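As given, the protein sequences belong to chains A and P, one line each in that order. Here numbering that gives the first Met the number 0 is used: the first residue of the first sequence is 0, the next is one more, and so on. Here numbering that gives the first Met the number 0 is used: the first residue of the second sequence is 0, the next is one more, and so on. All residues carry an ideal CB built from backbone N, CA and C; glycine is no exception. Remember, predicted model here, so these are calculated numbers, not experimental data.
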Amino acid sequence: MKKQKIKSLVLSSYKNENLDPKVVALIADHLNRQSLKQYIHFLKSEEKKKQIIITSPKALTDTEKEMVMKQFPKKKIMYVLDPSMLGGIRIADQDNVYEMSLKQTFHDIIRHLGKYD
Amino acid sequence: MINNNEIIAQLEKRLNTFSSNPKTENVGRVETNTDGVISASGLTKAFMGEIIAFADGSEGFVLNLDEDIVSIILLTGGKNIKEGDTVKTTGRSLTITASESLLGRVINPIGLPLDGKARITKGKEMPLEKIAAGVVEREPVDTPMKTGIKAIDAMFPIGRGQRELIIGDRGLGKTAVAIDTIINQKQTTKGKKQVICIYVAVGQKQSSVAQVVEKLKEKGATDYTIVVSAGASDPASLQFLAPYAGTAIAEYFLEKGEDVLIVYDDLTKHAWAYRQLSLVLRRPAGREAYPGDIFYLHSRLLERSVKLNKKNGGGSITSLPIIETQADDISAYIPTNVISITDGQIFLKGDLFNSGIRPAIDTGNSVSRVGGAAQTGAMKSVAGKMRLELAQFRELAAFAQFGSELDEATQAQLDRGKRTNELLKQPQYQPLPEAEEVLSIAAVTNGMLDAIPVDEIGKFEQGLYTYVKKHNKKLLEKLGTGEKVKEDTLKEIKKVVDAFKKTFIS
């Protein structure tokens, strides 16, 4: 089956922005192994579009979480802890990652100083 | 004058900028790793030719952008890359650090040293891919690029900014012609700038490259030469990038108004490397399995050879691409492509090589389309009729094979042709200064060597140079100025040749 067809099947698997289990099961029954693999892959990337991953060195406070939710009202937000960041925040929206952390600042300083070795 | 407080304030401002902007990354996920091609999903903001960084520190560059998948060709490492690994864009396109410290060095196409010396970190980042200079920035080729090889300088002169193809079967001395040209650049012509040379080895055996480097060292040519090498054991991606890396370095010197000579040894292997990459990228294969854009691969490279006008610095890039043929077939796909792109070709032939004519230049099939304008007056005045005479000689020699009796004039023409052919023989790694070239060519084309036996011509020529250097240095100086050889100078040459003839025969 062509990619475009599978992509349109993915879009029709949703009902009110949620996956319809009956439709998904029906589609899965009619796909061969290769197409099913692609169908799952596209479903995952579709799910990723609705998701935001926030990584921070320590848990965010309720006020901070509220601020984040205001920024991304239609997205499902996942919180991840990464103490190695030392300070700051990393926001991952699909394949775009915005990072403003102490770890990254140190990396920048090291790279900058490396030029003058 | 900036005071101390201002300097400190500037430093503080700089420190703040380290964290003022969030770092934006575009990430992806490795889907497959087959034949050195990494397919990654995500990376929606990647651009063609962008460098992609892998989790294990290795790097690659984008060669295909599909709807959901980006194909990346590895530049370094990559043994540990597996499905599911994170990859990220770097925002950088392929560049090489160029500076004067590259002179005398041997590097690979990404600037890593191959000569065991320190890595060059300081310099200007030059893009590997660049659109060639436009029409308004250029000027016609008018300055000679002397090869020091009599046959080439006399009949197929090369000008600065020209692209002259060296083509022939394997083992006929294509690299030797290019190396001789590099060695000859040591002799700086009066009033002309020193030419910087770049030798790009693509898919060559490491031993061959080592031999070339050793020869350049021995002849003292390393001071103005850079060697860029992607050997036969290097990945196809590096072999594909090598000519572009060499050209990027050449452009660094071009921007400074310098004259650069670049040798691509050879573009056949470059085309093979690109074919390999294209096939593993599953691009549609065309004639001889080469991809559709194989012509553009070489045309965009050679178009970067240029002679800039004074307003743009007046520098130049002269290129000597090399193509290896199979059984003298110049009508194959890649040879015809490169012949049509370049401004002429020097065709080396197997049967000439085997009959002892070295360099084995086939004067009938070789041509220089723009170099004539760059030939010096001296060379033009003595070598003008040489090509025609040689063509007539070849035709007569073919008829003479049938053993028919020949009249005196025809026999004389045949004898002159034999001597001219003999004179054009030249040992490897011994390029000649223009004065000596003009002297011997003037002598043969004006019949001054007609009395010398054919097999003594080489010996006579060597003796003549020594004799003139000892007894009439002024004549050599006069011939070296490049000015047209007038009647009185010809008389002087005849006088010297006749005087030497007496000592030579006795």
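Where does A/S83 land, buried or exposed, given buried means 16+ other C-beta within 10 angstroms?
exposed
Closest to P/N420 by C-alpha separation, out of P/N471, P/G172 and P/S354, would be which residue?
P/S354
At a Cβ threshold of 7 Å, is P/P21 touching chain A?
yes
Measuring CB atoms only, is the segment 83-98 of chain P touching the segment 200-218 of chain P, in the sense that at least three cross pairs come out at less than 8 Å?
no
Comparing C-alpha positions only, which one of P/G167, P/A411 and P/D454 sits nearest to P/A331?
P/G167
Comparing C-alpha positions only, which one of P/L101, P/L113 and P/I130 sits nearest to P/K121?
P/L101
Give the DSSP-derived three-state secondary structure of P/D342 in the structure shown.
coil
Supposed contact pair P/Q205 and P/G245 - C-beta distance, whole angstroms, cut 8 Å
Wrong, their Cβ atoms sit about 18 Å apart, outside the cutoff.
Which stretch, first to last residue, makes up the alpha helix (DSSP H) that contains P/Y466?
I456 to H470
Under 7 Å Cβ to Cβ from A/K74, same chain only, skipping five residues before and after it: list those, please.
K49, Q50 and I51
Roughly how many whole angstroms lie between the Cα atoms of P/R499 and P/Y464?
Reading off the sequence, residue 499 of chain P comes out as Phe, not Arg. In a straight line, the C-alpha of P/F499 is about 10 Å away from that of P/Y464.
Return helix, strand or coil for P/L319, following the three-state DSSP convention.
strand
Keeping to the same chain, check which residues put their C-beta closer than 6 Å to that of P/P430; ignore five residues upstream and five downstream.
G147, D179, I182 and N183
In chain order, what are the residue ranges of uninterrupted alpha helix (DSSP H) at least 4 long that sit wholly in the segment 170-217 of chain P?
173-183 and 205-217
Test: A/D61 CB closer than 7 Å to a CB of chain P:
no
For the segment 90-110 of chain A, enumerate the residues whose C-beta is nearer than 7 Å to any C-beta of chain P, in chain order.
D94, N95, V96, Y97, E98, M99, Q103, T104, D107 and I108
Sheet register partners of P/I514 (DSSP bridge)
With chain P covering only 0 through 505, there is no way to say anything about residue 514 of chain P.
Bridge partners - P/V279, DSSP secondary structure assignment
None, per the DSSP bridge assignment.
Can you tell me whether P/F239 is buried or exposed, with buried defined as 16 or more other CB within 10 angstroms of its CB?
buried
Can you pull the chain A residues whose beta carbon is under 7 Å from the beta carbon of P/N25, in chain order?
D94 and N95
By alpha-carbon positions, which one of P/F53, P/N336, P/P112 and P/I68 ends up nearest to P/S507?
Absent from the model: residue 507 of chain P. The displayed extent of chain P is 0 to 505, so no value can be given.
Give the DSSP-derived three-state secondary structure of P/F46 in the structure shown.
coil
Is there contact between the segment 261-273 of chain P and the segment 308-328 of chain P, where contact requires at least three CB pairs shorter than 8 Å?
yes
Quick one: Cα of P/V453 to Cα of P/M447, how far?
13 Å
What residue from P/V279, P/E436, P/V226 and P/S298 has the CA that sits closest to P/V208's CA?
P/V226
In the DSSP assignment, the alpha helix (DSSP H) including A/S7 goes from what residue to what residue?
K2 to S11
If contacts are defined as beta-carbon pairs under 8 Å, then A/S11 and A/L18 qualify, I think. What distance do you get, rounded to the angstrom?
Contact doesn't hold; Cβ gap of about 11 Å is too wide.
Measure the alpha-carbon distance for P/K255 versus P/D114 and round it to whole angstroms.
26 Å
Any C-beta of chain A under 7 Å from that of P/T480:
no
Examine the Cβ distances between the segment 157-171 of chain P and the segment 376-393 of chain P and report whether three or more of them are shorter than 8 Å.
no
Show which residues of chain A have a CB atom less than 8 Å away from the CB atom of P/G371.
Residues of chain A passing the Cβ test: none, with the nearest at roughly 49 Å.
Kindly list, in the order they appear in chain A, the residues whose Cβ is closer than 7 Å to that of P/T43.
D94
Nearest to P/G170 by CA position, among P/A411, P/L395 and P/G349, is which residue?
P/G349
Once DSSP output is grouped into helix, strand and coil, what is the label at A/P20?
helix
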